[in-house]
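Each residue of the sequence shown is one higher than the last, beginning at 2 in my numbering. Note that CB positions come from ideal geometry on N, CA and C, so glycine has one too. Here the structure is a predicted model, which means the values were calculated and not measured. First up is the structure itself, then whatever we jot down about it.
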Amino acid sequence: MGAEQLKGLLGAAVMALGLAASPLSADDWAGSGDDWGGDWEDESESRFPFRVGGFIEAAGGMHLYDNKAVDDRIGKNYNLGETRLRLDIDGDWQALGYSLKVDGVADGVDEELRAELREALVSFELGDRTDVRAGRQVLTWGTGDLLFINDLFPKDWQSFLIGRDEDYLKGPSDALRITRYGDEVTLDLVWTPVFNRDNYPDGDRLSYWGQTGGNEFGLTAEPISDNAREPGSFPGDGEVALRLATRQSGVEYALYGYRGFWPQPNDARKTLAGGKLEHPVLHVYGASLRRGMGPGLFNAEVGYYDSRDYDNAGFNAALTPNSEVRILMGYDWELVTNLNVGVQYYLEWTLDHDELEKAFQDMGMKEMAGEEYRQLLTTRLTYTQMRGDLMWSLFAFVSPSDDDFYLRPSVRYRVSDELTVSAGGNLFGGKEDYSFFGQFEKDSNVYLRARYRF
Numbered sequence: 002m003g004a005e006q007l008k009g010l011l012g013a014a015v016m017a018l019g020l021a022a023s024p025l026s027a028d029d030w031a032g033s034g035d036d037w038g039g040d041w042e043d044e045s046e047s048r049f050p051f052r053v054g055g056f057i058e059a060a061g062g063m064h065l066y067d068n069k070a071v072d073d074r075i076g077k078n079y080n081l082g083e084t085r086l087r088l089d090i091d092g093d094w095q096a097l098g099y100s101l102k103v104d105g106v107a108d109g110v111d112e113e114l115r116a117e118l119r120e121a122l123v124s125f126e127l128g129d130r131t132d133v134r135a136g137r138q139v140l141t142w143g144t145g146d147l148l149f150i151n152d153l154f155p156k157d158w159q160s161f162l163i164g165r166d167e168d169y170l171k172g173p174s175d176a177l178r179i180t181r182y183g184d185e186v187t188l189d190l191v192w193t194p195v196f197n198r199d200n201y202p203d204g205d206r207l208s209y210w211g212q213t214g215g216n217e218f219g220l221t222a223e224p225i226s227d228n229a230r231e232p233g234s235f236p237g238d239g240e241v242a243l244r245l246a247t248r249q250s251g252v253e254y255a256l257y258g259y260r261g262f263w264p265q266p267n268d269a270r271k272t273l274a275g276g277k278l279e280h281p282v283l284h285v286y287g288a289s290l291r292r293g294m295g296p297g298l299f300n301a302e303v304g305y306y307d308s309r310d311y312d313n314a315g316f317n318a319a320l321t322p323n324s325e326v327r328i329l330m331g332y333d334w335e336l337v338t339n340l341n342v343g344v345q346y347y348l349e350w351t352l353d354h355d356e357l358e359k360a361f362q363d364m365g366m367k368e369m370a371g372e373e374y375r376q377l378l379t380t381r382l383t384y385t386q387m388r389g390d391l392m393w394s395l396f397a398f399v400s401p402s403d404d405d406f407y408l409r410p411s412v413r414y415r416v417s418d419e420l421t422v423s424a425g426g427n428l429f430g431g432k433e434d435y436s437f438f439g440q441f442e443k444d445s446n447v448y449l450r451a452r453y454r455f
């Protein structure tokens, strides 16, 4: 670790310790906690007409390999060095509920102070069976574990891949959500007035496979977003998501619909034709079920991705994503006491693959068309000790079709009700640099986090 890294990480730790030692203690606030839930709540009465909680976190992480593309761009070989202060405020006023979650971040990588608004919403009831939530909020549905088919809400893949808490994978949406509870069926309708994209690897902390100049491709840290055009007009560039859910004889069923855009821009090869990267129009139709089976829980999910802007004429077939069918099956159970196992099988079937392969062949890059059937296997192992205070975890993604992998080992120790320490890694590898996980091999990293809750 270089002097600059050490300075940044120590600075983050000192800030966290200094804030933790300030007069703000768990007794001063009635903490509502963050997305982890109520295990940490302070049940004491608040002195205020609203509830306040949050945490202070210091986090640091570094690459395991020299990554020239990223080093040349940011001048650092670590991708995480920050102190984060979260404030959670929620309460009720007459018939309205409200919630605010905001992070203040001192970021040693970007060398900046910034505020991140994670949640700012109001909620109320319409009659006895309808709930409304309006504003910035984190939305999710579906049955997959770190795999998403019918959940098209924004994801923060950069945070996920560099070692921030897993909660930050799911990004916020500026949306209106209406939930109607029927006797048999629950209806969820989400309207996002203006498209919210994923936060994808963009070269500032993670390299990726893309255009390096002219007609050449390789690992690069050039910012994709500088050459991407995002849908931004109101109301034509909004998103609508729908879910119908029911439970019958112990089985959970759901139907889904989505009208919006691909959450990440189309392939960077479009720049070869002098075009602009875009988020093509996307419609998705899907279904899922979840039920008990034997000693565990079984889930299945399917989705048809209707890529509305796809054009299979010649070179155009390589510029816009093809329509796809995506399938997921999973099973989770307790293998022995305190050891939980979860396994999943995931399939992406690219339709009209022959035209896609021909387009790449004409460009001299047939191998980059990928497989018609992309397969992915995942395993999650979770082992707890010391009455749950110590947790070991391994999540593994392995693709037999792409011949690549992604491993997420981690350990978490709960020192006290307020203090938790976590460590782990994001380890990538693959036969080819252009495969989905193989492109991130040089981005493999380890991280350490300490979080104090109040």
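Short of 6 Å from the beta carbon of Pro296, and not among the five residues preceding or following it, lie these beta carbons of its own chain, in chain order: Trp334. Taking a contact as a CB-CB distance under 8 Å, the pair Glu358 and Arg375 does not count as one, their CB atoms being some 14 Å apart. Note that the C-beta distance between Gly62 and Asn80 is below 7 Å.
The closest CA to that of Gly233, considering only His354, Phe262, Arg244, is found on Phe262.
Counting every other CB atom within 10 Å of its CB across the protein chains shown gives Ser423 a total of 16 or more, marking it as buried. Judged by DSSP in its simplified three-state form, Val252 adopts strand. Contact annotation: Lys367 and Asp404 have beta-carbon atoms that are not nearer than 7 Å. In this structure, Tyr384 sits near Trp393, with a CB-CB distance shorter than 7 Å.
Val344 and Trp94 have their alpha carbons spaced roughly 44 Å apart. The straight-line gap separating the alpha-carbon atoms of Gly293 and Gly251 is approximately 8 Å. Checking the DSSP bridge columns, you'll see Gln376 partnered with Leu348. Ranked by how close their Cα comes to the Cα of Trp142, the residues Arg115, Leu188, Asp108 have Leu188 in first place.
By the neighbour-count criterion, in which a residue is buried when 16 or more other Cβ atoms sit within 10 angstroms of its Cβ, Gln386 is exposed. Remark: C-beta atoms of Thr180 and Asp132 approach each other more closely than 7 Å. Look at Ala288 here: in three-state DSSP terms it is strand. Phe161: member of the alpha helix (DSSP H) spanning 158-163, first to last residue. In the structure shown, Lys102 falls within a strand segment according to DSSP collapsed to helix, strand and coil. In this chain, Glu223 is not harboured by any beta strand (DSSP E), its DSSP state being neither H nor E.
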